[in-house]
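Structure first, then comments.
Numbering (mature numbering (1 follows the signal peptide of the UniProt record, and there is no 0)), first residue to last: -23 to -1, 1 to 601.
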């Protein structure tokens, strides 16, 4: 983490159809821990329960009886993909993916005893970055599946730009340092953009930033147009242990200062060593997890990184701590929650793999904040105190008492973090959007009302340990690389059910997410030539979807009438946002129109956003 300061439908539908019938509804493209947790007792439905779907009503989470698999931990870990073929043949069509397009990435038994099987997706032999399908089994029966693995989307064949060109684009991109180099060879991947797959080169750009800090970014370059599609950092800045002394240089890891040995003369080395042990104990005792990779990887940290460096980060293999400058921060290695935060980036990298950009990046950062709080609580004899839900209070602004880097119980206190999903846009930094799920976790754990909305419903708390188990299970077993806040709600609700928690606890999970406005959006059907009256307070959005037939011409979406200022956004194939759209007229008032002379057949999505409160407006879709 960088210590920066400054239509989906949700519900349950029981399908009485056979899986074979579902397959015809579309045309796809030609070490165990000693955790004292009771086993879950979720009953299996006779049919198939569709828990959530995407904007095209394609399932993203289903429950049911999908077939038999091995049940012993050794058999699960050693399973081959062929043994799962009968189950995949039943499940894959629900998610609009062909069985042969799936490949087994990982099979394991979770801390609660359930088995899990994680599949990646390939189209035309190329991996779809961020796409996964996951199977969940208990006592040898697959009872649930989730993911976004669709391969029925348009996907271009073959790159028209060379790997060398892509490398040059990434190296000279505005966000790249002057000395940028491309580490390793470019890899072709598909990247989902709404209702299509884009072919891209995935590259790793490394170098040194202007302030001397390291740069290690993933960049996606469109393999056909040459444009940069996505860029994000692989440095997530804010029981074998090794602490190194960076001696105020940028060299990593530095000089060995202490391993599993007697204390050093350097107190910072010793406190870092102790904090690493505390975080290891937190994950082991709560979840039976053996290090960040769950396979006993050494816990490595470097202290005294650079001069007066106010930061801490995770490189993918180790932690790095600056000494602070004595004004903005003391030494960052002093805080056990920061140590837990950074190591949790390693946990997330090995489990859900949440991509460090957009909503998934906000969830990635939030998971680290959450388990920073959880491991601080665990290290302090499982006691909640005034600092439990403050992040970095041990080092932040030493001349000001009582403040912190982040405030999970009231995220807006830092002046930049969000506490409500309705205020989210895709341009919000991941360190600030993390406040949405931080707020939800705090309410689930401790209970109460939203601090910004004291008149909103009360959330009944379930305690930090139960809440931690729910979020850990979601991060380990259910979230996928591209998951956002709604997926986090769905998976934490299902995690609570699968853990066998009582109905009131499950209801609290839902209530916590409701309190931060994470819910499935209501999408209104827009019929041809039928005006829809609209009104909304400032900041609220209305979503609609109109179906356009083959051969239609002169498609128009017209917003008109009334008072105030409503903004119109239109996009084909997926919901528009205020930053992602095909048409946005940019006019004051309510009189706006989007025209498409030769529209594609299918679903056209509309967003009307209240730039200021408006009333008396109407929207109509017309076409020839």
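Even glycine gets a Cβ: it sits at the ideal position worked out from N, Cα and C.
Option in the options with minimal Cα separation from residue i
| i | options | result |
| --- | --- | --- |
| residue 347 | 315, 249, 336 | 315 |
| residue 469 | 447, 573, 579, 462 | 447 |
| residue 77 | 402, 85, 67 | 67 |
| residue 628 | 185, 119, 133 | Here the chain has residues from -23 to 601 only, and residue 628 is not among them. |
| residue 63 | 46, 169, 363 | 46 |
| residue 252 | 197, 288, 225, 319 | 319 |
| residue 130 | 595, 405, 143, 551 | 551 |
| residue 520 | 455, 596, 476 | 596 |
| residue 582 | 79, 56, 172 | 172 |
| residue 282 | 337, 225, 262 | 225 |
| residue 333 | 377, 404, 396 | 404 |
| residue 276 | 79, 27, 292 | 292 |
Residue i in three-state terms, based on DSSP
| i | result |
| --- | --- |
| residue 558 | coil |
| residue 381 | coil |
| residue 450 | helix |
| residue 444 | helix |
| residue 314 | helix |
| residue 335 | helix |
| residue 436 | strand |
| residue 409 | helix |
| residue 4 | Because the pLDDT of residue 4 is 24, which lies under 50, any placement of that residue in the model is unreliable, and the number read from its coordinates should be weighed accordingly. Residue 4 falls in the coil class under three-state DSSP. |
| residue 520 | strand |
| residue 247 | helix |
| residue 485 | helix |
| residue 599 | strand |
| residue 422 | helix |
| residue 511 | strand |
| residue 11 | Residue placement at residue 11 is flagged as unreliable, the pLDDT there being 31, under the threshold of 50; the coordinate-derived value follows with that caveat. DSSP places residue 11 in coil when its eight states are reduced to three. |
| residue 229 | coil |
| residue 398 | helix |
| residue 237 | coil |
| residue 478 | coil |
| residue 214 | strand |
| residue 56 | coil |
| residue 589 | strand |
| residue 462 | helix |
| residue 602 | Absent from the model: residue 602. The displayed extent of the chain is -23 to 601, so no value can be given. |
| residue 372 | coil |
| residue 582 | strand |
Contact under 8 Å by Cβ, residue i with residue j
| i | j | result |
| --- | --- | --- |
| residue 94 | residue 84 | yes |
| residue 503 | residue 416 | no |
| residue 124 | residue 457 | yes |
| residue 44 | residue 119 | yes |
| residue 495 | residue 413 | yes |
| residue 601 | residue 531 | yes |
| residue 309 | residue 299 | yes |
| residue 612 | residue 390 | Examination of residue 612 is not possible in this model, given that the chain is present from -23 through 601 alone. |
| residue 39 | residue 121 | yes |
| residue 255 | residue 297 | no |
| residue 602 | residue 107 | Because the chain is modelled from -23 through 601, residue 602 falls outside the range shown and cannot be assessed. |
| residue 261 | residue 306 | no |
| residue 536 | residue 594 | yes |
| residue 205 | residue 198 | yes |
| residue 401 | residue 410 | yes |
| residue 529 | residue 578 | yes |
Identity of the residues DSSP links to residue i by a beta bridge
| i | result |
| --- | --- |
| residue 569 | 536 |
| residue 192 | 184 |
| residue 170 | 173 |
| residue 119 | 114 |
| residue 430 | DSSP, once it has assigned bridges, lists no residue as partnering residue 430. |
| residue 33 | Residue 33 pairs with nothing; no bridge assigned. |
| residue 267 | Its beta-bridge partners do not exist; DSSP assigns none. |
| residue 160 | 181 |
| residue 501 | 521 |
| residue 209 | 195 |
| residue 85 | 93 |
| residue 222 | 232, 280 |
For residue j and residue i, believed in contact at Cβ under 8 Å, the rounded distance
| i | j | result |
| --- | --- | --- |
| residue 109 | residue 97 | 6 Å |
| residue 185 | residue 154 | 6 Å |
| residue 105 | residue 167 | 4 Å |
| residue 157 | residue 182 | 5 Å |
| residue 223 | residue 280 | 7 Å |
| residue 365 | residue 350 | 6 Å |
| residue 569 | residue 576 | Rounded, the Cβ-Cβ distance is 18 Å, inconsistent with contact. |
| residue 420 | residue 317 | Going by Cβ atoms, the distance from residue 420 to residue 317 rounds to 21 Å, so no, they are not a contact pair. |
| residue 591 | residue 512 | 6 Å |
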